[in-house]
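Before any comments, here is the structure.
2 protein chains.
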Amino acid sequence: MESRLAERRARILGAARNLVAEAGYSAVSVPAIAKRAGVSTGLIYNYFDSKAVLFDELFRSATEHEIEACEAAARQPGSARERIGYVIETFAHRALAARQLAWALLAEPVETEIEQDRLRFRAPYRRLFAALIREGINDGEIADQDEDVVAAAMVGGIVEALIGPLSEPPEVGDEDRLIHTIVSYCANALGSIPEPSELGMAPYHD
Amino acid sequence: MESRLAERRARILGAARNLVAEAGYSAVSVPAIAKRAGVSTGLIYNYFDSKAVLFDELFRSATEHEIEACEAAARQPGSARERIGYVIETFAHRALAARQLAWALLAEPVETEIEQDRLRFRAPYRRLFAALIREGINDGEIADQDEDVVAAAMVGGIVEALIGPLSEPPEVGDEDRLIHTIVSYCANALGSIPEPSELGMAPYHD
DNA sequence: ATAAATAGTGAACCATCATTCAGTTCTTCT
DNA sequence: AGAAGAACTGAATGATGGTTCACTATTTAT
Chain A
2 MESRLAERRA RILGAARNLV AEAGYSAVSV PAIAKRAGVS TGLIYNYFDS
52 KAVLFDELFR SATEHEIEAC EAAARQPGSA RERIGYVIET FAHRALAARQ
102 LAWALLAEPV ETEIEQDRLR FRAPYRRLFA ALIREGINDG EIADQDEDVV
152 AAAMVGGIVE ALIGPLSEPP EVGDEDRLIH TIVSYCANAL GSIPEPSELG
202 MAPYHD
Chain B
2 MESRLAERRA RILGAARNLV AEAGYSAVSV PAIAKRAGVS TGLIYNYFDS
52 KAVLFDELFR SATEHEIEAC EAAARQPGSA RERIGYVIET FAHRALAARQ
102 LAWALLAEPV ETEIEQDRLR FRAPYRRLFA ALIREGINDG EIADQDEDVV
152 AAAMVGGIVE ALIGPLSEPP EVGDEDRLIH TIVSYCANAL GSIPEPSELG
202 MAPYHD
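These protein sequence lines map, in sequence, to chains A and B.
Numbered per this note's numbering, the first sequence spans residues 2 to 207.
Numbered per this note's numbering, the second sequence spans residues 2 to 207.
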């Protein structure tokens, strides 16, 4: 059974999360979180050292949740290139389905301290893409390249391409077209399939 | 001759710009700008309605300056694909040569109101890339695609790939490799050169 | 030279919120 | 029940830093 302490923590985090998801970051002051959670302002500081810590945890858990979905997509059967496509589709679909939250997590202007956090939470996405690209390279599906730089560019590109649409109301047909454009863009960006080595060496795994 | 009024404006903007370029946005308070410009805090409000307006102008002029350099690169002779490559090289070289400023303009966490500005000032880059891509499409060099989405993804990708290096001290050899990686990445992302149309239609210009 | 207008000063002000803490209510244990 | 402690309250506090404004200095016009 969940301890009272943990229940309160979760309630506060949930309130913060709901506020972000409904109205964006700008609507979330500590008193607002308290009101939504049905507790006093002061109590929040019994559970979190500061607002920044609270948001750090909020961002972390939201990011982990998204990352898990993307990792699941990455585990689908298929070539590395195909799986990269699945991950992008998953990421983009989920972002477009929860626009306000995605906007807040990815791009909404926030106070300085929290912005730093946000930058940090892009790293897991970069790592996921970098790992898939490296796999593709080792399998001979993708030409050798600096997977860290390319992964960063992909994440930045996907987010930037989504930011405009994220802040506008949904337009049904366009969504699939947008995602398709982004997926093709990334697929192309990985370059063409390399010729098998003249030495006939088999692709290797580390 | 520059009017006294314009001279003062320019002096204040210059002071702000130098502070940003030397120490990043976090070092720039209104009193700090005043001190650097050798004027009083209050005077700044005779020339600018608010700090946000001052920075809006600062960002605008800095962005215009950069955009001009990129547009010059885009006017070099060459195919659309080649010229896109020149623009990326120009942009990246200049950013890496003035790291602190570039970091402040592109990614440093800033207060909410100013962040909104920053988002706006990415649009000119998107437009420049979009125009070049469209040219390439019309010339049959690039397969038809949504140039606005692709341009956004390129800009986002270039910036994201630079952000890490921008916040670290220069490492000489790496810089060219990094830029080369980004350029190839974008070149690939445009897709392969399309087959000439079966109907033998000539590429068209609007 | 004197007045009117304009430019400039900087200490005080204020708005915003995160944060605190003295006091109260609720639990738990004997 | 009663005491000890933990949980909780919310109005007051405080830090930051942008903004104002009553006042002084300088320039321009008569």
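Virtual Cβ for every residue (Gly too), placed ideally from N, Cα, C.
Span of the alpha helix (DSSP H), counted from its first residue to its last, around residue i
i      : result
I164/B : E148 to L167
L191/A : Segment: none, L191/A is in no alpha helix (DSSP H) and carries neither H nor E.
S62/A  : K52 to A75
P32/B  : V31 to A38
L118/B : Just to set this straight, residue 118/B is Asp in the shown sequence, not Leu. That run of the alpha helix (DSSP H) goes T113 to R121.
A98/B  : A81 to A98
E1/A   : The question about residue 1/A has no answer, for chain A in this structure spans 2 to 207.
I134/A : A124 to N139
I143/B : That residue, I143/B, is in no alpha helix (DSSP H); it is neither H nor E in DSSP.
Local Cβ density within 10 Å of residue i, reported as buried at 16 or more and exposed below that
i      : result
L6/B   : exposed
V150/A : buried
A154/B : buried
M2/B   : Unreliable positioning characterises M2/B in this predicted model, as indicated by a pLDDT of 49, which lies under 50. The coordinate reading is nonetheless provided below. Label assigned to M2/B: exposed.
D145/B : exposed
V214/B : Residue coverage of chain B in this structure runs from 2 to 207, which leaves residue 214/B outside it and unanswerable.
A105/B : buried
P78/A  : exposed
R178/A : exposed
P171/B : exposed
A98/A  : exposed
P166/A : buried
E196/A : exposed
I45/A  : buried
I194/A : exposed
R76/A  : exposed
Alpha-carbon to alpha-carbon, residue j and residue i
i      : j      : result
G43/B  : H66/B  : 29 Å
I13/A  : A35/A  : 7 Å
S27/B  : A17/A  : 27 Å
N47/A  : V21/A  : 22 Å
R123/B : A108/A : 13 Å
E169/A : G25/A  : 14 Å
P110/B : T113/A : 5 Å
E148/B : S80/A  : 28 Å
L129/B : N19/B  : 27 Å
A33/B  : F60/B  : 18 Å
E176/A : R9/B   : 49 Å
V184/A : R84/A  : 11 Å
A103/A : R82/A  : 25 Å
L55/A  : F49/A  : 6 Å
Y87/A  : E58/A  : 27 Å
A53/A  : A63/A  : 15 Å
Q117/A : D140/B : 43 Å
S51/A  : G15/A  : 16 Å
E142/A : A152/A : 16 Å
V31/B  : S41/B  : 10 Å
L120/A : E23/A  : 22 Å
I138/A : Y126/B : 32 Å
A162/B : R37/B  : 33 Å
A11/B  : S4/B   : 11 Å
A131/B : Q101/A : 27 Å
I134/B : G39/B  : 46 Å
Y180/B : I115/B : Looking at the sequence shown, residue 180/B is not Tyr but Ile. For I180/B and I115/B, the distance between alpha carbons rounds to 29 Å.
A252/B : T182/B : Residue 252/B lies beyond the stretch modelled for chain B, which goes from 2 to 207, so this question has no answer here.
I164/A : V29/B  : 28 Å
Contact test: residue i Cβ vs the ligand MG heavy atom, cutoff 6 Å
i      : result
A190/A : The ligand content of the structure shown is nil, which means the ligand MG is not present either.
Within the chosen definition, does the region 150–163 of chain B reach the region 174–190 of chain A through at least 3 CB pairs nearer than 8 Å? yes
Touch check for the region 89–99 of chain B and the region 69–78 of chain B: three-plus C-beta pairs under 8 Å? yes
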